[in-house]
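Residue numbers (the working numbering): 414 to 845. In what follows, a structure is listed as structure tokens, so that the remarks can point back to it.
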């Protein structure tokens, strides 16, 4: 088994990836190849990975290389965690969207990570990187399976799917956050292990379809709390619109909708790890590299690395798909098929993935009809953005004409703004 790791966020994810591969999984004989162009970081990751493999006593090993062809050649699975220049480009575009006039802030509200005008720009830049990776996979591992962690999740996953790859995505989980399932469990005073919860929707736009404690249905209690404003103004408004409770961070949901009176996009969103967290991670990795992962300082450093790992578990999903296992995997992005019956089969959705011998089983999930209509509009925008990232000028124009997040704005003016931003990003995007 060969697993290829690509993208600038791989170093941050490597401790959890290797832990799930070597310790959480069944006896694994795997070769891990990671792409890293920085020589100093390459040495850190190589030494760290070798120490973890020694601790596990596992067959196989890790190779950290600057050569993409070596990383990808005959890979059974590619885990992609890339987001090129996400932070610097976001702030550049945000400044361009703003205005110095206090009475006319411009289109600063459209500086969103995943939706609206900047969500489109994010998709165009990220899509270029995904397209280059697909070109390389066509050469070195054309039959591979892709686990996508790149943002914007729905749109980058759609690019992989459009290129013909079997692709599953894992983004910010609706189990976490201010309106995440874990937070609802605390509000309801239910132990997480006793809670059964299901979510369904789109990446960043998921809603609860079920929440129970044993045989008891807890949805009425949550809806009552939302109606009383206890879950925030956005949740209260959306309950009135759709009779549904959002799961995850409601500010993610709001990115895909027209301007909300009590929603202000994050001025300083996080992209990957902070500089301070990166320095800390390198320190811990070097400790494991030099002292080993068995005991003492090395073992403590490894525990600290794992304690800071993101909640998503892409390696577990990768192993399940490669080994053709049976099980449920929450909040997985993929093509709809027949899972959500009210959305098009080609929609890019996020629900629990039920695998039977490594193949997805569709469960026929239904949501309130009004919510399904909104989701269909957002999904259409997501897939148009993906096509635009692949070089379709018609899709680019149609996105601006139809994206729900631009509701209430002058669409012709928005088209001019998008064209100006594309020129601003020409060094990355080329001609669109």
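Note that CB positions come from ideal geometry on N, CA and C, so glycine has one too. Here the structure is a predicted model, which is why all the values come from computation and not from measurement.
Whole angstroms is fine: what's the gap from residue i's alpha carbon to residue j's?
i	j	result
residue 592	residue 665	11 Å
residue 710	residue 718	12 Å
residue 527	residue 728	24 Å
residue 886	residue 620	The question about residue 886 has no answer here: the residues shown for the chain are numbered 414 through 845.
residue 644	residue 638	6 Å
residue 546	residue 633	46 Å
residue 481	residue 529	33 Å
residue 544	residue 657	36 Å
residue 597	residue 606	13 Å
residue 649	residue 781	16 Å
residue 587	residue 662	7 Å
residue 787	residue 725	27 Å
residue 506	residue 706	43 Å
residue 429	residue 830	41 Å
residue 800	residue 449	29 Å
residue 734	residue 771	5 Å
residue 426	residue 582	15 Å
residue 623	residue 601	14 Å
residue 641	residue 784	21 Å
residue 647	residue 675	7 Å
residue 691	residue 459	17 Å
residue 435	residue 471	7 Å
residue 714	residue 487	33 Å
residue 594	residue 669	21 Å
residue 825	residue 689	43 Å
residue 556	residue 575	14 Å
residue 552	residue 804	21 Å
residue 827	residue 522	12 Å
Tell me which same chain residues have a C-beta within less than 7 Å of the C-beta of residue i, skipping the five on either side of it?
i	result
residue 457	695, 698, 699, 702
residue 625	609, 631
residue 454	424
residue 437	729
residue 671	817, 818, 820, 821
residue 842	537, 538, 541, 835
residue 737	770, 771
In chain order, what residues of the same chain lie with their CB nearer than 6 Å to the CB of residue i, ignoring the 5 residues before and after it?
i	result
residue 473	442, 443, 444
residue 797	808, 811, 812
residue 751	775
residue 420	493, 494, 495
residue 479	450
residue 534	506, 834
residue 461	698, 701, 702
Since I believe residue j is in contact with residue i (beta carbons under 8 Å), could you give me their beta-carbon distance rounded to a whole number of angstroms?
i	j	result
residue 567	residue 778	Not quite, the Cβ-Cβ distance comes to about 17 Å (not below 8 Å), so this is no contact.
residue 539	residue 569	5 Å
residue 761	residue 628	Not quite, the Cβ-Cβ distance comes to about 34 Å (not below 8 Å), so this is no contact.
residue 564	residue 584	7 Å
residue 560	residue 731	5 Å
residue 354	residue 485	In the structure as shown, the chain begins at 414 and stops at 845. Residue 354 is therefore absent and cannot be evaluated.
residue 511	residue 519	5 Å
residue 815	residue 793	7 Å
Taking residue i as the reference, give the member of the options with the closest Cα.
i	options	result
residue 840	502, 421, 495	502
residue 790	819, 769, 573	819
residue 704	446, 542, 486, 467	467
residue 578	601, 595, 549, 816	549
residue 431	464, 450, 452	464
residue 618	611, 580, 594, 660	660
residue 855	738, 763, 469, 815	Absent from the model: residue 855. The displayed extent of the chain is 414 to 845, so no value can be given.
residue 763	743, 755, 824, 757	743
residue 415	754, 554, 715, 686	554
residue 679	757, 500, 485, 615	500
residue 536	497, 552, 471, 519	497
residue 684	745, 422, 693	422
residue 755	823, 471, 651, 615	615
residue 653	667, 636, 669	636
residue 723	825, 738, 686	686
residue 611	757, 745, 461	745
How about residue i: is its C-beta nearer than 8 Å to some C-beta of chain D?
i	result
residue 477	Judged by its chain identifiers, the structure shown contains no chain D, having just a single protein chain.
Only counting the same chain, and skipping five residues up and downstream in sequence, which positions put a Cβ closer than 8 Å to that of residue i?
i	result
residue 759	748, 749, 796
residue 509	833, 834, 837
residue 483	446, 476
residue 773	747, 750, 752, 766, 767
residue 741	765, 766, 767, 768
residue 603	626, 631
residue 558	489, 490, 491, 578, 579, 580, 581, 731, 734, 735
Consider the C-beta atom of residue i and the heavy atoms of the ligand FMN; say whether any pair is separated by less than 7 Å.
i	result
residue 460	The ligand FMN is not part of this structure, which contains no ligands at all.
Runs of beta strand (DSSP E) wholly within the region 681-737 (minimum 3 residues, chain order) = none
With a floor of 3 residues, list each beta strand (DSSP E) that falls wholly inside the region 758-796, ordered by position along the chain.
-> 761-769
Can you list the beta strand (DSSP E) stretches of 3 or more residues lying completely in the region 524-601, in chain order?
-> 558-561, 579-582
Secondary structure, alpha helix (DSSP H): runs of 4+ residues fully inside the region 456-528 | 481-485, 499-510
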